[in-house]
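Those protein sequence lines, which keep their order, are chains S and P.
First residue of the first sequence? That's 0 in numbering that gives the first Met the number 0, and the numbers climb one at a time after it.
First residue of the second sequence? That's 0 in numbering that gives the first Met the number 0, and the numbers climb one at a time after it.
By construction, the Cβ of each residue, glycine as well, lies at the ideal position given by its N, Cα and C atoms.
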Amino acid sequence: MAILLVARGVARSYGRNEALAPTDLELRRGEILAVVGPNGAGKSTLLALLAGALPPTRGAILRGSPPPRIGWAPQRPAQYGHLSARENLELFARLAGLDEPGAAADRALERLALPEGAGRAAHLSVGNQQRLNLALGLLGEPQVLLLDEPTASLDLERRRGLWKTLQDHRARGGAVLLSSHSPEEVARLADRVLVLLDGRVVFEGSPAELENAMPELVGGA
Amino acid sequence: MRRLALLLRKDARRLARSPLLLVALVVYPLLIALLLGLVVRYAGERPRVAFVDRAGLPSTIVIGGERFDLRGLFEDAAEVELVRMSPEEARRQVATGQAVASLTIPRDFTVKLRRLNESPRIVLRTSQSALGTRVVEKMNALTYAINLKLQKAYVDANLGFVDLLKRGGTGTLGETEVTVMGLEQARSELERLADSPDADVAATAKELARFVGQVEGAVDQVGEYLQATANPIQLVSEKERGRTWLLSAQVQAYALGLALAFVAVLLGAALITSEREERTLGRLVQGLVGLAGIVAEKIAFVSLLGASVGLALALVFGAVVEIGGVSGGQPWERLPLLTVGLVLVAASFGAVGVLLGTLARDTSGAMLLALLIGLPVVLVAVVPTGSFPLAGALSAAVPFGHAVDLAAAVLYDSDPWPEALRQAAWLLGLTLAFALLARASAHRLLV
Chain S
0 MAILLVARGV ARSYGRNEAL APTDLELRRG EILAVVGPNG AGKSTLLALL AGALPPTRGA
60 ILRGSPPPRI GWAPQRPAQY GHLSARENLE LFARLAGLDE PGAAADRALE RLALPEGAGR
120 AAHLSVGNQQ RLNLALGLLG EPQVLLLDEP TASLDLERRR GLWKTLQDHR ARGGAVLLSS
180 HSPEEVARLA DRVLVLLDGR VVFEGSPAEL ENAMPELVGG A
Chain P
0 MRRLALLLRK DARRLARSPL LLVALVVYPL LIALLLGLVV RYAGERPRVA FVDRAGLPST
60 IVIGGERFDL RGLFEDAAEV ELVRMSPEEA RRQVATGQAV ASLTIPRDFT VKLRRLNESP
120 RIVLRTSQSA LGTRVVEKMN ALTYAINLKL QKAYVDANLG FVDLLKRGGT GTLGETEVTV
180 MGLEQARSEL ERLADSPDAD VAATAKELAR FVGQVEGAVD QVGEYLQATA NPIQLVSEKE
240 RGRTWLLSAQ VQAYALGLAL AFVAVLLGAA LITSEREERT LGRLVQGLVG LAGIVAEKIA
300 FVSLLGASVG LALALVFGAV VEIGGVSGGQ PWERLPLLTV GLVLVAASFG AVGVLLGTLA
360 RDTSGAMLLA LLIGLPVVLV AVVPTGSFPL AGALSAAVPF GHAVDLAAAV LYDSDPWPEA
420 LRQAAWLLGL TLAFALLARA SAHRLLV
């Protein structure tokens with residue numbers, strides 16, 4: 000499978016605090032990679048580094064040629080509160096240089112069943128804000144999706160809807176890297192799993208291999 | 000550029016949806032501007048007085064045989080700041096409030112001063128400002144100080160005349176050369192006549208000789224009287240129609256500088272920190288807009304908004320001036336130049352604000368930092384540099400003083416270009432410096 004994204008010794012520190020130790024990672028076309036680990040393990044930092052939203056302290060992130068479009072949905076919503084959901088989507092579609100920003104916003108609104116009204120994003124419910132955050136990540140059909148706990152605030156129906164979306168994305172040859180605290184989600188979606196602990200990769204393998212390794216990992220933790 | 004334009008539009012929309020914030024950003028600094036203007040006007044170093052030298056004061060003048068640096072006596076006056084200019088410029092500056100008064104040295108001043116037979120006059124014209132009385136007091140003090148220096152020369156010269164009258168001989172009276180017999184010789188001639196065989200002539204001559212003797216005795220005491228009454232220059236004060244303090248050029252320049260300082264610094268800090276708080280910076284730097292672009296966009300937005308606010312203030316000020324029929328009028332033809340100046344002023348303050356925002360990292364911290372740093376930055380520019388030399392250096396390194404000087408020059412200098420260009424260059428340099436610092440610090444927001 001073609002590699003879309005490569006991390007070589009990527010690390011991030013905040014002062015003396017090392018949030019992510021040097022990490023190597025490859026994300027291939029047509030796969031879903033799940034990153035799991037307890038809170039503060041470095042999952043969000045890894046996703047932000049891969050997204051290009053955070054510069055690494057060390058190491059490098061290499062993108063294929065031509066570089067794939069990357070969609071990123073951080074754990075906490077990243078959008079303009081004074082703009083409506085549509086205005087947010089249209090703005091980022093224009094910034095990304097999409098051909099038809101209005102149509103792209105329409106598709107995103109429909110896909111995540113977001114309210115059409117002109118109400119500000121800051122006034123949306125927590126769930127709707129999270130969905131708008133996801134919609135921004137999915138905007139413009141990016142080849143690589145980096146989703147940080149995307150289903151945390153979704154009800155079961157929306158969660159299943161998103162799972163379907165991600166599986167379709169994989170089937171079309173796209174790649175997904177998602178962080179999750181849900182074993183069901185990982186088991187259902189992931190082709191590979193990466194376990195982070197205190198900023199270090201302690202396991203990499205299939206969900207089945209992870210299940211076998213769990214006693215050792217839990218004991219080690 | 001297209002992406003920056005999209006962000007500018009987004010920020011404009013944000014502000015349009017917060018009208019209360021916009022009103023507060025304009026009204027609050029205006030109130031402070033008025034208060035600060037008051038303080039500056041009343042507690043400033045020295046009132047600025049236009050100095051019109053119609054007499055062409057010589058650097059040295061001989062009075063009563065003593066040399067005086069007459070020009071220096073005026074120009075070194077500690078009481079007021081005398082600024083030499085033409086009569087027309089003086090009239091204009093008093094009318095617009097750039098100078099609180101004008102002091103005119105009439106053409107015949109030095110002639111009268113040399114003649115020593117009439118007190119020459121200097122004419123002080125004050126505006127209607129609240130400072131009029133204070134300036135008259137200051138000018139009285141200046142006149143008194145100069146009088147003290149001239150007094151001895153006047154007295155010596157007058158004593159020379161008295162001595163000539165007493166002893167006789169040739170001397171100058173004012174500018175006329177005269178030869179007189181003198182009291183001593185007159186008395187001696189009269190005493191000789193008192194021996195005349197004609198009894199009537201002898202009696203009259205004796206009487207006159209006694210009188211001349213009495214006059215000689217009185218003349219001997221003239222010196223003391225002269226010392227007591229010397230007061231060679233009189234100050235004549237006239238009231239002119241000019242701007243009240245509230246509408247003066249200085250207050251307008253300070254109002255613009257201060258309003259833009261607060262609007263631009265606070266807004267710049269708030270805009271950059273809100274990107275972080277909404278976590279949109281990460282999305283933007285994901286290949287859409289770099290940190291340098293974001294910093295530039297914030298500064299550009301603040302400069303455009305600040306210039307609009309400044310222009311609105313200038314228009315309101317001008318409308319009040321026009322409606323009130325205030326002398327000097329508002330220089331409407333300078334509005335395009337003022338607009339360019341305001342863009343630069345707001346950009347420099349905006350860059351300071353963005354830098355503070357990147358240092359503080361959140362909006363409340365940035366606001367606090369902007370107030371804690373912004374206020375001293377403004378105040379340091381109004382500290383008299385003579386009393387605290389470091390204030391001059393600090394003032395040069397921040398935009399406020401340059402902003403006020405630029406606004407004042409653009410609005411009211413008869414030839415605004417030299418000063419306007421100098422201050423514009425300063426503001427441009429400061430904008431670039433603060434923008435570079437902000438860019439260097441902006442990575443702190445990406446956490």
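Proximal residues to residue i (C-beta, below 7 Å), its chain only, five neighbours per side dropped
i, result
"residue 427 (chain P)", "343"
"residue 23 (chain S)", "6, 7 and 8"
"residue 214 (chain P)", "182"
"residue 26 (chain P)", "none"
Simplified DSSP assignment, three categories, for residue i
i, result
"residue 317 (chain P)", "helix"
"residue 440 (chain P)", "helix"
"residue 96 (chain S)", "coil"
"residue 126 (chain P)", "coil"
"residue 120 (chain S)", "helix"
"residue 55 (chain P)", "coil"
"residue 83 (chain S)", "strand"
"residue 53 (chain S)", "coil"
"residue 270 (chain P)", "helix"
"residue 150 (chain S)", "coil"
"residue 465 (chain P)", "Residue 465 (chain P) lies beyond the range of chain P shown here (0 to 446); nothing can be said about it."
"residue 278 (chain P)", "coil"
"residue 113 (chain S)", "coil"
"residue 75 (chain S)", "coil"
"residue 68 (chain S)", "coil"
"residue 304 (chain P)", "helix"
"residue 61 (chain S)", "strand"
"residue 309 (chain P)", "helix"
"residue 42 (chain P)", "Any answer about residue 42 (chain P) is weak, because its pLDDT of 49 lies below 50 and its placement is not dependable; what the coordinates show is given next. Looking at residue 42 (chain P) - three-state DSSP - the assignment turns out to be helix."
"residue 140 (chain S)", "coil"
"residue 220 (chain S)", "Its pLDDT being 49, under 50, residue 220 (chain S) is placed unreliably in this model, and the coordinates cannot settle the point."
For residue i, the first and last residue of its enclosing alpha helix (DSSP H)
i, result
"residue 105 (chain S)", "100-110"
"residue 8 (chain S)", "Premise fails: residue 8 (chain S) lies in the beta strand (DSSP E), 2-13, not in any alpha helix (DSSP H)."
"residue 126 (chain S)", "125-137"
"residue 400 (chain P)", "398-411"
"residue 114 (chain P)", "108-114"
"residue 446 (chain P)", "Neither: residue 446 (chain P) is in no alpha helix (DSSP H) and is coded neither H nor E."
Where the beta strand (DSSP E) containing residue i begins and where it ends
i, result
"residue 176 (chain S)", "174-178"
"residue 143 (chain S)", "143-147"
"residue 16 (chain S)", "16-27"
"residue 101 (chain P)", "100-104"
"residue 34 (chain S)", "31-35"
"residue 194 (chain S)", "191-196"
"residue 81 (chain P)", "80-83"
"residue 373 (chain P)", "Premise fails: residue 373 (chain P) lies in the alpha helix (DSSP H), 362-379, not in any beta strand (DSSP E)."
"residue 187 (chain S)", "Element bounds for residue 187 (chain S): not the beta strand (DSSP E) but the alpha helix (DSSP H), 182-188."
"residue 117 (chain P)", "No beta strand (DSSP E) contains residue 117 (chain P), which DSSP labels as neither H nor E."
Burial state of residue i (16 or more Cβ within 10 Å)
i, result
"residue 318 (chain P)", "exposed"
"residue 175 (chain S)", "buried"
"residue 99 (chain S)", "exposed"
"residue 165 (chain P)", "buried"
"residue 138 (chain P)", "buried"
"residue 296 (chain P)", "buried"
"residue 425 (chain P)", "buried"
"residue 210 (chain P)", "exposed"
"residue 243 (chain S)", "Residue 243 (chain S) lies beyond the stretch modelled for chain S, which goes from 0 to 220, so this question has no answer here."
"residue 122 (chain S)", "exposed"
"residue 322 (chain P)", "exposed"
"residue 42 (chain P)", "Because the pLDDT of residue 42 (chain P) is 49, which lies under 50, any placement of that residue in the model is unreliable, and the number read from its coordinates should be weighed accordingly. Exposed."
"residue 89 (chain S)", "buried"
Assumed close pair residue i, residue j - CB separation to whole angstroms, cut-off 8 Å
i, j, result
"residue 272 (chain P)", "residue 365 (chain P)", "5 Å"
"residue 132 (chain S)", "residue 113 (chain S)", "That pair is no contact at about 11 Å."
"residue 193 (chain S)", "residue 50 (chain S)", "At roughly 16 Å, the Cβ-Cβ gap does not stay under 8 Å, so residue 193 (chain S) and residue 50 (chain S) are not in contact."
"residue 32 (chain S)", "residue 147 (chain S)", "Not a contact, Cβ separation roughly 13 Å."
"residue 46 (chain S)", "residue 152 (chain S)", "That pair is no contact at about 17 Å."
"residue 78 (chain S)", "residue 135 (chain S)", "6 Å"
Own chain partners of residue i with C-beta closer than 6 Å, once the 5 adjacent residues on each side are dropped
i, result
"residue 166 (chain S)", "none"
"residue 266 (chain P)", "301"
Heavy atom of the ligand NAD within 7 Å of residue i beta-carbon
i, result
"residue 210 (chain S)", "Of the ligands one can find in the structure shown there are none, so the ligand NAD has no counterpart to examine."
Close Cβ partners of residue i (< 8 Å) along its chain, the five nearest in sequence each way excluded
i, result
"residue 1 (chain S)", "27, 28 and 63"
Contacts that residue i makes with chain B (C-beta to C-beta distance below 8 Å)
i, result
"residue 445 (chain P)", "Among the protein chains of the structure shown, namely S and P, there is no chain B."
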